[in-house]
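Take a look at the structure below.
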């Protein structure tokens, strides 16, 4: 009877261990919207660093995989499902912001961005985003708005 009771308790506890939704490092209460919540005030997160050859030798990289390339066109690269894409880095080709006027509004966008890939700039807006396809709504389109990131 004693081993039967132990078996029942064990079976009842299994779902408790399978319910873990997220992991916290440096916190006892990780944010419920994050699978991994890293908290701290005296350091950052260090993404795996490797050469371009090492990056290209990763077999079947997962979509969204992130690395920092240390040679050539160094910077953060992510795998988009078909190719490695430079997110940002020390060898970035961004040369600054340019003042642009669209639909009567004047704002700022990264120099050289194709206007067909963004909606009209908002009045006094700052657009640091990247759009991968033509769009009429991407970017900083509101008054005093700010946009950054990919396809923002």
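Residue numbers (this note's numbering): 2 to 153.
Just so you know, even glycine gets a beta-carbon here, dropped at the ideal spot from N, CA and C.
- Relative to the Cα of residue 105, the nearest Cα in the group 114, 64, 143 and 83 belongs to 143.
- Residue environment: residue 22 is assigned as exposed (fewer than 16 neighbouring CB atoms within 10 Å of its CB, all protein chains considered).
- Annotated three-state conformation of residue 55 is helix, per DSSP.
- If you look at residue 149, you'll find it in the beta strand (DSSP E) that goes 147-151.
- Between residue 125 and the set 115, 83, 134 and 148, the nearest pair of CA atoms involves 148.
- Here residue 56 is buried, its C-beta having at least 16 other C-beta atoms within 10 Å.
- At a Cβ-Cβ threshold of 8 Å, residue 122 and residue 108 count as neighbours.
- Across the structure, residue 80 and residue 4 are spaced so that their CA atoms are roughly 51 Å apart.
- Taken atom to atom, the span from the alpha-carbon of residue 35 to that of residue 28 is near 13 Å.
- Cβ contact annotation for residue 139 (same chain, cutoff 7 Å, sequence separation greater than five): 118, 119, 120, 130, 132, 152 and 153, in chain order.
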